[in-house]
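Okay, so here's the structure we're looking at.
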Amino acid sequence: MIILLTGGTGYIGSHTAIELIKLGHDVEIMDNLFNSKIEVLDKIEKIAGEKPKFHKIDLLDKDGMDKMFAEGKYDLVIHFAGLKAVGESVEKPLKYYENNVGGTINLLECTKKYDVKKIVFSSSATVYGDQGVAELTEEMQTGVGITNPYGETKHMIEEILKDVAEADPEFEITILRYFNPVGSHPSGLIGEDPNGIPNNLMPIIMKVSTGEIEKLRIFGDDYDTVDGTGVRDYIHVVDLAKGHVAAIKKMKQGVSIYNLGTGRGASVLEMVAAFEKASGKKLPYEVVGRRAGDLAEIYANPSKAERELGWKAELTIDDAMNDTINYLKHLKNE
Ligand code: WQD
482 MIILLTGGTG YIGSHTAIEL IKLGHDVEIM DNLFNSKIEV LDKIEKIAGE
532 KPKFHKIDLL DKDGMDKMFA EGKYDLVIHF AGLKAVGESV EKPLKYYENN
582 VGGTINLLEC TKKYDVKKIV FSSSATVYGD QGVAELTEEM QTGVGITNPY
632 GETKHMIEEI LKDVAEADPE FEITILRYFN PVGSHPSGLI GEDPNGIPNN
682 LMPIIMKVST GEIEKLRIFG DDYDTVDGTG VRDYIHVVDL AKGHVAAIKK
732 MKQGVSIYNL GTGRGASVLE MVAAFEKASG KKLPYEVVGR RAGDLAEIYA
782 NPSKAERELG WKAELTIDDA MNDTINYLKH LKNE
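Take 482 as the starting number for the sequence shown in our numbering and just add one per residue.
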C-alpha cells in the first residue's frame, strides 16, 4: 500500500515508517519538522533500505496538503502529527486546539476529497482522564476528568473520527491509544530526540545522563503505589510501531479502538533503577512535590489488541533502557 504518515519524522512515526518499509509498503512522510529533524529520513533509509518521499507541510497549510493528496494516491493515512507537550497545552490552549483539532479537520477534508478512507489515529491514554482505577480498557467512557488541553484535543479528534465514520460508512478508522512510549531503535540510529526541553520522564532521564539537565526531579513519592512514585505503562517504541503494522492489516469499516501498552506498570524509581542498571552509572535525582494533573497509577489492559490484532508487546523495560543507552552513544559520536 501507499501509506502517508503525518508527523512521520517524529519519534513514533519514524519507527513505524521503518516497520512499514520492511514489509514492502510505499511510505511517504508529511511533517513540519517542528519537533523532529530532517536527518531522520537518511536514518530511516540506512535502517530500512528506502528513503520515504518527504513533504515539508504543516497541518494548517490546507493548500499544501490538498496538492500533496492530489498527487499522492494514498491507500491509508497514519496521523501522528500534533503538538504533545502537556504543560505547554495548559499555557497555550488555543495553539493546541488550532493545530491538533483544526489541523486534523484539514487532513480529514483532504482524505474525504481524495477518497482516502483508511485512517489510523495516534491517540493517547490521556483520553481516559481519571477513571478511579489503574487498569484501563477501551470500553471505558473517555473525556471525563482530562486535566489538560493536549488530552482534550486527542479526545475531541477521537469524537470527530467517530462522527466522520457515522456519516460515511466507507471510512475504516482505527484509533490507537498509546500508553508511555520509551526506548530507541536497536540500531541506535533513531530514538526520542525532542527539540527543546522535554516533558516526559525518559527524555529527561536521557538529558540528565548526558549532563544537559542537572538532575531528575521526581514528582512526588507519596502516592499509593509500590514505592510512592507514579506508575505508568512504558511500552518500547518498536513494539508500538509493530502495533501499527498489526492494525493496518485488520482495518474494517467503522471505528476500532485499541490500547497499545504492555499491561504492566513501572514506577519512576523502578525506571531510574533500570536506567542505572543499563548505564552502569547512578542517576542524580531529587524528590519534589507532585505535578498537577498526574495520576498515581495507570496501565493498559492490552487484551483487545492481542485478541483482535494478534499483537502483544514483547520487549521489556530493560530492552528499552539498553536501546536508549546505545542510541545516546550514537548521538554522542554524531
Ligand atoms: C511519567 C511519570 C510523572 C517527568 C504523558 C502524557 C501522555 C503521553 C505520555 C503523549 C509520571 C513522572 C515525569 C519528570 C517525574 N504523551 N515524572 N519527573 O504524564 O504519564 O503521560 O506522556 O501522548 O499523553 O499525558 O508521562 O513521562 O510525563 O510522566 O517524576 O521530570 O514520570 O510524575 O509519574 P505521563 P510522563
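Where is the CB? At the ideal position from N, CA and C, for every residue including glycine.
Bridge-paired residues (DSSP) for D512: Residue pairing of D512 in beta bridges, as defined by DSSP: K537.
Can you tell me where the beta strand (DSSP E) with F700 in it begins and where it stops? F700 -> beta strand (DSSP E) spans 697-700.
What is the DSSP secondary structure of H788, counted as helix, strand or coil? Per the sequence shown, the amino acid found at residue 788 is Arg instead of His. Residue state, collapsed to three classes: helix.
If you measure between the beta carbons of T497 and L514, is that distance less than 8 Å? Using a Cβ distance threshold of 8 Å, T497 and L514 do not count as a contacting pair.
Please list the terminal residues of the continuous beta strand (DSSP E) segment that includes N587. From DSSP, N587 is part of no beta strand (DSSP E) but of the alpha helix (DSSP H) over 584-594.
Given that a residue counts as buried once 16 or more other Cβ atoms are within 10 Å of its Cβ, and exposed if not, what is V707? Residue environment analysis places V707 among the exposed positions, since fewer than 16 neighbouring C-beta atoms fall within 10 angstroms of its C-beta.
Run of the alpha helix (DSSP H) containing N782, from where it starts to where it stops: DSSP places N782 in no alpha helix (DSSP H); its state is neither H nor E.
If you measure between the beta carbons of V749 and G711, is that distance less than 8 Å? Result yes, Cβ atoms of V749 and G711 sit closer than 8 Å.
Entirely within the region 629-691 and at least 4 residues each: give me those alpha helix (DSSP H) ranges in chain order. Secondary structure remark: continuous alpha helix (DSSP H) runs of at least 4 residues inside the region 629-691, in chain order: 630-648, 682-690.
For R658, does the count of other Cβ atoms within 10 angstroms reach 16, so buried, or fall short, so exposed? It is buried - the Cβ of R658 has at least 16 other Cβ atoms within 10 Å.
So, at 6 Å on beta carbons, what are the nonlocal neighbours of V625 in its own chain, with the 5 sequence-adjacent residues on each side left out? By the criterion of a C-beta distance shorter than 6 Å, V625 is surrounded in its chain by G610, once the five residues flanking it on both sides are discounted.
Whole angstroms is fine: what's the gap from T691's alpha carbon to I538's? Their backbone Cα atoms lie some 32 Å apart in a straight line.
Please report the straight-line C-alpha distance between H636 and K758, rounded to a whole angstrom. Between the C-alpha atoms of H636 and K758 there is a straight-line separation of about 37 Å.
Using 7 Å as the cut-off, classify the Cβ of I510 as near or not near the heavy atoms of ligand 1, replying yes or no. For I510, the distance from the CB to the nearest heavy atom of ligand 1 is not below 7 Å.
Taking the continuous alpha helix (DSSP H) assigned at F602, which residues delimit it? Secondary structure note for F602: it is in no alpha helix (DSSP H), and the uninterrupted beta strand (DSSP E) holding it is 599-605.
CB of D775 to nearest heavy atom of ligand 1: below 7 Å? Within the cutoff, so yes.
Put S737 into one of helix, strand or coil per three-state DSSP. Looking at S737 - three-state DSSP - the assignment turns out to be strand.
Beta-carbon gap between S495 and I671 smaller than 8 Å: Result yes, Cβ atoms of S495 and I671 sit closer than 8 Å.
In terms of alpha-carbon separation, which member of K793, E531, F602, I519 lies closest to H717? Minimum Cα distance to H717 is reached at K793.
Just list the residues that DSSP pairs V614 with in beta bridges. Answer is none; V614 lacks a bridge partner.
According to DSSP, which residues form a beta bridge with S748? BP columns for S748 point to V712.
With a threshold of 7 Å (Cβ to nearest heavy atom), would K565 be considered close to ligand 1? The answer is yes for K565.
Can you pull the DSSP bridge partners for L486? DSSP output for L486 lists I510, I559 as bridge partner(s).
Nearer than 7 Å: is that true of the beta carbon of T607 relative to any heavy atom of ligand 2? Absence of ligand 2 is noted for the structure shown, with ligand 1 being the only ligands found.
Residues bridged to H717 (per DSSP): DSSP, once it has assigned bridges, lists V663 as partnering H717.
Simplified DSSP state of Y766, which is helix, strand or coil: Strand.
Looking only at C-alpha atoms, which of D674, I729, D596 sits nearest to A551? If we check each option's Cα against that of A551, D596 comes out closest.
Integer-rounded CB distance, given that I483 should sit under 8 Å from D507: That belief holds up - the Cβ atoms of D507 and I483 are roughly 5 Å apart, short of 8 Å.
Could you say which of D674, P783, L796 lies nearest to G491 if we only look at CA atoms? Proximity to G491 across D674, P783, L796 peaks at D674, based on C-alpha coordinates.
Would T655 and V601 qualify as a contact pair, given that the criterion is a beta-carbon distance under 8 Å? Contact flag set, yes.
Got a sec? Which residues, its chain only, sit under 7 Å from G709 by beta carbon, not counting five neighbours each side? The beta carbon of G709 lies closer than 7 Å to those of D702, D703 in the same chain, with the five residues before and after it left out.
How about the region 676-691 and the region 728-735: do they share at least three Cβ pairs that are nearer than 8 Å? Taking a cut-off of 8 Å for Cβ pairs, the region 676-691 and the region 728-735 do not touch, as fewer than three such pairs fall below it.
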